[in-house]
Amino acid sequence: MRQSGRSTDVDSLATGLARDRFPLLARTIGDRPLHYLDTAATSQKPEAVLAALAHFYRHQNANVHRGLNTLAEEATEAYERCRRRVAGWVGAPDAAGVVITRGATSSLNLLAHGLEHLLLPGDEILLTEMEHHANLVPWQMLARRRGLQLRFIPVRDDGELDLDRLPELLGERTRVVSLVHASNVLGTVNPVAEVADRSRQRGILTVVDAAQSAGHLPLDFAAVGADFLVFSAHKAYGPMGLGFLVARPEALERLEPLEGGGEMIEWVDLESSTWAEVPRRFEAGTPNVAAAAAFPAAIDLIEELGAPAIRRHEAAVTAYALDCLQDLGGLTIYGPADSERRGGLVSFWDPLVHPHDLSTILDRHGVVVRAGHHCAQPLHRRLGVPATTRASFGLYTRRDDIDALIEGIRDARKVFAR
Ligand code: PMP
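The working numbering applies: residue 142 is where the sequence shown begins, and numbers increase by one.
Structure representation (structure tokens):
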């Protein structure tokens, strides 16, 4: 068995962190133990989150901000507690700056719509070549509606953004810069604070897509310095159908709401309406109250283990996985070579086995990975491959998960070499 280069993390490599709190990880696939390597698609949920979900439906199950009764009051308190917990966790200056959404995608659509009235034809939005479709398509839709130009920070061959191009790309007409914190394909951790700082100096709004960093890298809204930060709960050990848009309340005031309906209004006439205060202005309809009631249990776990310890563990797993994959030979591994420069995932291309075939064979080994373009088609075109295989890690990932991955790849190569 191999040892990681980072001796301080060898212990957690063998056991994972708090692995026994994730009941699903004890299941099997056929007769094999499950090796879950798809946390970047969605993380598994700790028992405390599952219990909180059930608790909500068993004991409260009421709509929020409606009804003067005990159930409605408890549901509203649980929902608002989530907002306060998220604000405290990510260092938001004010819980009134936290919009509760259905996920990172909803948050980005809200933004791309909400900023529309501030933009004029010919204005520019700067993105990067490594964006997830969620941080690309909403801006394309906006650009089409409003006659805007999209520009892109290129990705260098080493998987880093080419920030030398920034002075020329941040032009007179640039109004918004939106970029991913940690790439869901390359793993690259982008210097978002630097980009936000350079943009702010020119009065440009910045958006940071923290979908892959929340729960995995230490995340501090004030330190990032962006105007808007978005993420989903389900990749940070919380439930699906819940996400956040974090901003200063004054920044939210500048956005137009995307969805109209109940809860987001102050006064409604037959012909027109006025909006509620932020952030409720952006929360039309019945939200996922159960998910919001349960997410604080995930934050509790992250805070109990400590964001730096989770980061150290995931970096050690990544270093170990990079070593093992390199030793296999013949693979193209994407993203920065240094595990300190990347989040907890590795994407690769094996010329001997197509990613779809590889993931099918890995499944027979109990190893769950993701094969495809990972909602980043332009990036895959830039890399020159139709698809990659991605193994992604969480606080619970152990060395034997990586060992099973490597054994599975060896097996797949034998099958396809015949
Ligand atoms: N951005 C990135 C970088 C992602 O990895 C994802 C999810 N794969 C998203 C945005 C969208 O998240 P969701 O599907 O939870 O809305």
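Heads up, the beta-carbon is just placed ideally off N, CA and C, and yes, glycines get one too.
Inset, instruction - Examine the ligand PMP and report whether any of its heavy atoms sits within less than 6 Å of the Cβ of A352. - result: Here the distance from the Cβ of A352 to the nearest heavy atom of the ligand PMP is below 6 Å.
Inset, instruction - Could you tell me whether the Cβ atoms of L466 and F489 are closer together than 7 Å? - result: Against a cut-off of 7 Å, the Cβ pair of F489 and L466 comes out as a contact.
Legend entry - Extent of the continuous alpha helix (DSSP H) run through E257: Premise fails: E257 is in no alpha helix (DSSP H) and is neither H nor E.
Inset, instruction - Run the proximity test for N210: is its beta-carbon closer than 6 Å to any non-hydrogen atom belonging to the ligand PMP? - result: With a cutoff of 6 Å, N210 does not count as near the ligand PMP, since its C-beta is closer than that to no heavy atom of the ligand.
Legend entry - 7 Å Cβ cutoff met for A417 and E407: Against a cut-off of 7 Å, the Cβ pair of E407 and A417 comes out as a contact.
Inset, instruction - Go ahead and pull the three-state DSSP assignment for I547. - result: For I547, the three-state secondary structure derived from DSSP is helix.
Legend entry - Distance between D468 and Q144 (C-alpha atoms, nearest Å): With a pLDDT of 41 at Q144, under the threshold of 50, the modelled position of this residue cannot be trusted, and the question is left open.
Inset, instruction - Using only the heavy atoms of the ligand PMP, determine whether one of them is closer than 6 Å to the beta carbon of N331. - result: Flag unset: Cβ of N331 not near the ligand PMP.
Inset, instruction - In angstroms with no decimal places, state the Cα-to-Cα distance between P359 and D410. - result: Each residue's CA atom was taken as its position, placing P359 and D410 some 46 Å apart.
Legend entry - Alpha-carbon to alpha-carbon, L463 and D502: Contrary to the premise, residue 502 reads as Ile rather than Asp in this sequence. Their backbone Cα atoms lie some 20 Å apart in a straight line.
Inset, instruction - Would you kindly report the start and end of the unbroken beta strand (DSSP E) that includes A192? - result: Note, A192: premise wrong, no beta strand (DSSP E); alpha helix (DSSP H) at E188 to H196.
Inset, instruction - Could you please give the first and the last residue of the uninterrupted alpha helix (DSSP H) stretch that includes R523? - result: Segment Q518 to L524, the alpha helix (DSSP H) holding R523.
Legend entry - Cβ-based neighbour list, F557, same chain, cut-off 8 Å, excluding 5 preceding and 5 following: Cβ neighbours of F557 beyond the five flanking positions: L493, V494 and D498.
Legend entry - Rounded separation between P332 and L546 - CA only: Taking the straight line from one Cα to the other gives about 31 Å.
Legend entry - Spatial neighbours of D541 in its chain, beta-carbon cut-off 7 Å, leaving aside the 5 residues before and after: Taking D541 as the centre and dropping the five residues before and after it, the same chain places no C-beta closer than 7 Å to its C-beta.
Inset, instruction - Please go through the same chain and pick out, in chain order, the residues whose beta-carbon is closer than 7 Å to the beta-carbon of R147, but skip the five residues on each side of it. - result: At R147, the pLDDT of 44 sits below 50, so the modelled position is not reliable; the number obtained from the coordinates is stated separately. Closer than 7 Å at the Cβ level, and outside the excluded window around R147, lie A457 and A460.
Legend entry - Given A478 as reference, the closest of L446, A425 and G300 once Cα atoms are compared: Of the listed residues, the one whose Cα sits closest to A478 is G300.
Inset, instruction - Identify, in the order they occur along the chain, each residue of the same chain with its Cβ nearer than 7 Å to the Cβ of R207, setting aside the five sequence neighbours on each side. - result: Result list for R207: A213, in chain order.
Inset, instruction - Compute the beta-carbon to beta-carbon distance between A355 and T347, rounded to the nearest angstrom, for a pair I have assumed lies under 8 Å. - result: The pair is not a contact, with the Cβ atoms about 17 Å apart (cut-off 8 Å).
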